[in-house]
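Visitor:
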Amino acid sequence: MKLTFPHMGNTYISLKAFLDNLGIDYCLPPVNSRASLELGMANSPESMCLPFKKVLGDLIQGLNEGADTVFFGSSRGQCRFSQYGDLLQGILLGMGYKFNYINLNFGSITYGDVREKLGPVLNGAGKARVFSAVSKAVSTMFEVDSLYAHARRVRCREVCKGETDRAMFIFEREAKAAHGFRQTRSAVRRAESALSKIRTDSRLHPVKIGLVGEIFILSDPFTNLETEKKLGSMGAMVFNSMSTSEWMKKHFVRALLPLKPEGRAVKAAQKYMHTDYIGGHGIYTIGNAELMSHGKMDGIIQLCPFTCMPETTAKSVLGEIQYRNGTPIMTLILDGTTAEAGYVTRLEAFVDMLKMERESQQPFKHTPKAAL
Amino acid sequence: MRSDTDVTKPLETVTVGIPEGLMFFEQKTLWKNFFERLGCRVICSGCTTRDILNSGISLCCNETCLPVKAFAGHALSLCGKADYIFIPRCASVCPHEKSCPKFCGLPDEMRISLKGRADIISADIDYNRNPQKTRKSLASLSGRLGIPCKAAELVFNGCVKPGLTADISPNASGSMRLGVPVVAVLGHPYIIFDSLLSMGLIDKLRNAGYCVLTPYDVRRSVRRKYAGRFLSTSFFETGLDIVGGAKALYGLPQLAGMVYISPFSCGVDSVVMELTERIIMRGPRHIPFLKLTVDEHSGEAGFNTRIEAFLDMISGARRESV
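Chains as they are written, first to last, in the numbering used here: chain A, 1 to 372; chain B, 373 to 694.
So this is what it looks like as structure tokens:
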């Protein structure tokens with residue numbers, strides 16, 4: 001039995017270590033591969049959203065490379081994501097692939113469910129071993145995400161341009177070659193020390209840009225055309241409001257708590273949306289944009305896939321947030337065919353605007369009116 | 373405009389506006405009854421006109437879909453005429469079914485788009501995730517209107533709740549006649565029954581001598597029975613309607629073709645259209661399937677050409693088979 005799974009940003013690093021640890025055979029679809037996306041786009045419904053196309057492409061690549069089992073995590077919810085599981089299976093079967101399909105529903109996950117669906121894959125590994133592997137995988141995921149956050153802080157201040165990117169490139173190469181948690185973690189540690197050795201200009205006060213939007217796009221550097229890297233090399237400090245570790249916190253760590261506190265973002269969004277759910281992560285986009293515009297961010301960028309329903313609703317509110325708080329908000333929509341040059345130009349213009357704004361020291365503010 | 377503190381105003385003079393778009397194609401009479409029984413005056417915005425659509429387009433953000441833009445236009449046309457505009461937050465009308473996610477944020481999106489031109493009242497309907505929400509939202513609605521909460525709940529349970537899952541026939545599609553070929557028109561009710569948004573598709577097909585049937589001519593229970601497979605998980609309500617309706621209509625011997633009309637960038641349709649097409653193409657009969665996409669651009673010539681070509685193909689195929 002050979003497993004394959006779709007990519008979502010850097011999750012493959014911890015997932016790979018997890019599978020190695022349990023001795024499960026797998027086939028990793030090529031990381032950041034344009035060919036995957038092209039395959040996915042060719043075989044998806046035309047107006048389907050970008051994450052679906054990327055996921056489908058990854059699975060096709062995995063199956064082509066000899067996998068016979070497909071693992072996918074779906075969810076309940078109001079947006080299209082809840083239908084991904086069925087549609088992926090239908091399209092892959094229609095293309096003539098034969099495979100076992102494991103579709104875990106993260107919206108209503110139970111131990112029995114995991115046992116039943118993953119049982120055949122686990123090679124009879126005991127409960128204790130699986131639990132220890134899961135907890136190690138989760139902590140690795142957090143470590144990897146904090147490494148990327150560290151890189152975002154260093155990149156905008158580095159003296160020699162490109163050093164951070166080189167360190168991260170080496171890390172990604174090492175992580176791909178690493179086997180099991182020990183090697184993966186030592187790769188993370190080496191990258192951390194490489195990052196801390198990079199010479200930075202501590203007197204620099206880079207403009208701060210917050211990223212909000214759809215979780216897949218925000219956490220997947222390939223589909224968002226490496227916005228974080230691009231902004232960082234333009235000298236902007238980037239804060240990403242969504243990552244896989246955030247998602248883990250929201251769905252699993254929070255589920256274990258006896259009292260479920262409403263997130264800060266949801267609370268902040270109540271000013272504009274009198275509800276706690278508009279599908280997907282739309283409400284977090286609004287809430288995080290509101291929090292960030294009060295939190296000394298110079299600018300906010302919303303990233304979302306073309307035709308994303310929750311983000312479209314959120315976008316109509318972002319204009320109001322910009323109007324009330326005065327923090328510039330730009331929306332960038334990605335659809336897989338986005339020409340990179342035009343995209344870079346828009347990012348550059350945005351960063352330049354924020355820098356000029358910083359230099360002139362005149363707050364970029366409309367006179368706020370009681371609009372509602 | 374009424375302010376929040378102005379609750380002493382006698383109810384008879386309170387006017388509630390209902391923008392005739394989106395969910396009101398199915399729920400208009402229900403909510404009209406609801407407010408009239410509570411003693412309010414109700415005014416509706418009428419059919420979509422070019423002016424309404426254009427004003428809606430200028431209010432909304434670009435990426436929003438055509439029906440939402442039309443809805444904003446309807447809401448704007450009620451500003452100044454009504455004390456309140458009623459927009460429900462209609463997330464799901466029964467368990468295991470859900471509406472388009474845009475409905476969850478619709479009242480807020482409209483409040484922001486209208487920029488304080490109107491007072492918007494809302495009621496939450498979410499029988500899939502959180503049925504208790506309805507009571508709470510009715511309490512705040514009755515508070516705004518200055519009526520006892522009990523009355524609102526009673527009237528809601530009496531005339532709105534059962535109607536949410538009832539059959540609708542907003543545009544009785546005419547009885548079938550012997551020998552007249554049938555074309556099935558699939559899509560959201562707020563597209564296919566809105567003659568401006570659908571560019572008069574149903575009328576055009578009728579004028580060409582075809583009998584037009586929609587999924588909404590099939591009884592809801594039958595649609596759900598045919599849709600079957602999706603009942604285990606929660607699926608889009610319109611998805612169940614369209615897939616189930618298409619499957620039921622597929623069995624009609626006089627069915628000559630199917631037309632799926634969808635607004636540009638509709639997320640629900642991107643899934644539902646794919647599923648419907650798969651089901652129709654997999655079946656034993658060969659049924660021509662036309663996919664049409666509409667947006668706010670009003671170039672009707674290209675649209676007509678495609679319909680004409682489709683109908684020519686159908687009649688050619690029929691002549692061959694006879």
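Using N, Cα and C, we set each Cβ at its ideal position, and we do this for glycine too.
(1) How big is the Cα-Cα spacing for R654 of chain B and L621 of chain B?
(2) Could you say which of A:A178, A:P206, A:K127 lies nearest to E158 of chain A if we only look at CA atoms?
(3) Under the three-state reduction of DSSP, which class applies to K54 of chain A: helix, strand or coil?
(4) Using a Cβ-Cβ cutoff of 8 angstroms, what residues of the region 454-465 of chain B are near chain A? List them in chain order.
(5) Can you check DSSP and say which residues form a bridge with N103 of chain A?
(6) Helix, strand or coil: which one does DSSP assign to D496 of chain B?
(7) Would you mind stating whether N32 of chain A and I60 of chain A have Cβ atoms separated by less than 8 angstroms?
(8) Return the first residue and the last residue of the alpha helix (DSSP H) that V266 of chain A is part of.
(9) If you reduce the DSSP assignment to three classes, tell me which class G695 of chain B lands in.
(10) Scan the region 268-327 of chain A and note each continuous alpha helix (DSSP H) run of 4 residues or more that stays entirely inside, going in chain order.
(11) For S567 of chain B, which residues of its own chain have a beta-carbon under 7 angstroms away from its beta-carbon, when the five flanking residues on both sides are left out?
(12) In chain order, what residues of the same chain have a beta carbon less than 6 angstroms from the beta carbon of G445 of chain B, not counting five sequence neighbours either side?
(13) When you compare only the Cα positions, how much space is there between K54 of chain A and H7 of chain A?
(14) Do E246 of chain A and K271 of chain A have their CB atoms nearer than 8 angstroms?
(15) Would you call the CB atoms of F397 of chain B and V532 of chain B closer than 8 angstroms?
(16) Please report the distance separating the alpha-carbon of F608 of chain B from that of I614 of chain B.
(17) Assuming the contact rule is C-beta atoms closer than 8 angstroms, R501 of chain B and A538 of chain B should be a hit. Round their C-beta distance to whole Å, please.
(18) Measuring CA to CA, which of B:P534, B:M630, B:T421 is closest to R657 of chain B?
(19) G90 of chain A CB to nearest chain B CB: under 8 angstroms?
(20) Alpha carbon to alpha carbon, how far is F99 of chain A from D68 of chain A?
(21) Answer yes if the region 222-242 of chain A comes into contact with the region 327-343 of chain A, meaning at least three C-beta pairs across the two stretches below 8 angstroms, and no otherwise.
(22) Can you give me the start and stop residues for the alpha helix (DSSP H) that K505 of chain B sits inside?
(23) Using DSSP with H/G/I as helix, E/B as strand and the rest coil, what is C462 of chain B?
(24) Kindly indicate if chain B contains any beta-carbon less than 8 angstroms away from that of A97 of chain A.
(25) Which residue's Cα is closest to the Cα of E668 of chain B: B:S430, B:P553, B:L478?
(26) Flag E481 of chain B as yes if its beta-carbon sits less than 8 angstroms from any beta-carbon of chain A, otherwise no.
(27) In chain order, what residues of the same chain lie with their CB nearer than 7 angstroms to the CB of A580 of chain B, ignoring the 5 residues before and after it?
(28) Just tell me which of A:R152, A:E172, A:Q302 has its CA closest to the CA of G232 of chain A.
(29) Please list the partners that P45 of chain A has in chain B, where partner means a Cβ-to-Cβ separation under 8 angstroms.
(30) To the nearest angstrom, how far is the alpha carbon of D589 of chain B from that of D276 of chain A?
Guide: In brief:
(1) Going by the C-alpha atoms only, they are around 15 angstroms apart.
(2) Distance check between E158 of chain A and each of A:A178, A:P206, A:K127 places A:P206 closest, using alpha-carbon atoms only.
(3) In this structure, K54 of chain A counts as helix in the three-state DSSP scheme.
(4) Contact residues of the region 454-465 of chain B toward chain A are R461, A463 (C-beta to C-beta distance below 8 angstroms).
(5) A:F72, per the DSSP bridge assignment.
(6) Strand, per DSSP.
(7) With contacts defined as CB atoms closer than 8 angstroms, N32 of chain A and I60 of chain A fail to qualify as a contacting pair.
(8) Run containing V266 of chain A: 264-269, per the alpha helix (DSSP H) assignment.
(9) Because chain B here runs from 373 to 694, residue 695 of chain B falls outside it and cannot be looked at.
(10) The qualifying runs are 282-294, 309-325.
(11) These residues qualify, in order along the chain: D575.
(12) Leaving aside the five residues that flank G445 of chain B on each side, the residues in its chain whose CB is nearer than 6 angstroms to its CB run, in chain order, I424, L425, S427, G428.
(13) The straight-line gap separating the alpha-carbon atoms of K54 of chain A and H7 of chain A is approximately 8 angstroms.
(14) Using a Cβ distance threshold of 8 angstroms, E246 of chain A and K271 of chain A do not count as a contacting pair.
(15) For F397 of chain B and V532 of chain B, no; Cβs fall outside 8 angstroms.
(16) Straight-line measurement puts the Cα of I614 of chain B at about 10 angstroms from the Cα of F608 of chain B.
(17) Taking the Cβ atoms as the reference, R501 of chain B lies roughly 22 angstroms from A538 of chain B, outside the contact range of under 8 angstroms.
(18) Cα-wise, what sits closest to R657 of chain B is B:M630.
(19) Against chain B, the CB of G90 of chain A has a partner CB under 8 angstroms away; the residue lies at that interface.
(20) Each residue's alpha carbon lies about 5 angstroms from the other.
(21) Segments in contact, yes.
(22) For K505 of chain B, the uninterrupted alpha helix (DSSP H) segment begins and ends at 505-517.
(23) Annotated three-state conformation of C462 of chain B is strand, per DSSP.
(24) It is Tyr, not Ala, that sits at residue 97 of chain A in the sequence shown. Taking Cβ atoms only, chain B never reaches closer than 8 angstroms to Y97 of chain A, which makes this a no.
(25) The candidate whose alpha carbon is nearest that of E668 of chain B is B:S430.
(26) Contact of E481 of chain B with chain A is assigned, a C-beta pair being separated by under 8 angstroms.
(27) Apart from the 5 residues on each side of it in sequence, A580 of chain B sits with its Cβ closer than 7 angstroms to the Cβ of L683 in its chain, given in chain order.
(28) G232 of chain A has its Cα closest to that of A:R152, out of A:R152, A:E172, A:Q302.
(29) Per Cβ cutoff of 8 angstroms: S642, V643, M645, E646.
(30) Inter-residue distance for D589 of chain B and D276 of chain A is about 36 angstroms (C-alpha atoms, whole angstroms).
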